[in-house]
Amino acid sequence: MTPNETARVQTYLQRKFNNNMIRLMRRPQAPDSVEVLLGDEFIGVVYRDEDEGELSFSFNMCMLEEDLPQI
486 MTPNETARVQ
496 TYLQRKFNNN
506 MIRLMRRPQA
516 PDSVEVLLGD
526 EFIGVVYRDE
536 DEGELSFSFN
546 MCMLEEDLPQ
556 I
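Counting from 486, one number per residue, gives the positions in the sequence shown under the numbering used here.
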């Protein structure tokens with residue numbers, strides 16, 4: 486992802502979730518994606534996908550069962 490794309494997606498996520506603590510950080514080993522952090526905690530990955538001239542970004546968040554609250 487380009488720095489411009491990263492900044493735009495970060496701004497989108499901050500506005501969508503009303504949370505300025507969301508940050509995107511480059512992944513040198515994977516130039517098509519960035520890590521998503523909430524403060525200092527890793528919460529997921531945003532992937533860049535270009536298919537037939539259309540560009541999209543996919544946010545993937547994984548939650549471990551052990552981290553979920555008991556209900």
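Even glycine gets a Cβ: it sits at the ideal position worked out from N, Cα and C. Note that the coordinates shown come from a computational prediction; the quantities given were computed from them, not determined experimentally.
Limits of the alpha helix (DSSP H) - the one that E535 falls within: Position 50 of the sequence shown, counting from 1, holds the residue named residue 535. From DSSP, E535 is part of no alpha helix (DSSP H) but of the beta strand (DSSP E) over 526-536.
For R511, the first and last residue of its enclosing alpha helix (DSSP H): The residue given as residue 511 occupies position 26 in the sequence shown. Premise fails: R511 lies in the beta strand (DSSP E), 507-511, not in any alpha helix (DSSP H).
Burial state of M546 (16 or more Cβ within 10 Å): Position 61 of the sequence shown, counted from the first residue, corresponds to residue 546. The residue in question, M546, is exposed, as its Cβ has fewer than 16 Cβ neighbours within 10 Å.
Cβ neighbour criterion (16 or more within 10 Å) applied to I556: Residue numbering aside, residue 556 sits at position 71 when the sequence shown is read from its first letter. Exposed is the call here.
Selected residue, minimal CA-CA separation from M486, among R500, L509, E550: Residue 486 sits at position 1 when you count from the first residue of the sequence shown. Cα-wise, what sits closest to M486 is L509.
Between the CA atoms of E550 and N435 - distance to the nearest angstrom: Residue 435 lies beyond the residue range present for the chain, which begins at 486 and ends at 556; the question has no answer from this structure.
For V494, the nearest candidate out of F542, D552, M548, P554 (CA to CA): Walking along the sequence shown from the start, residue 494 turns up at place 9. Answer by Cα proximity: F542.
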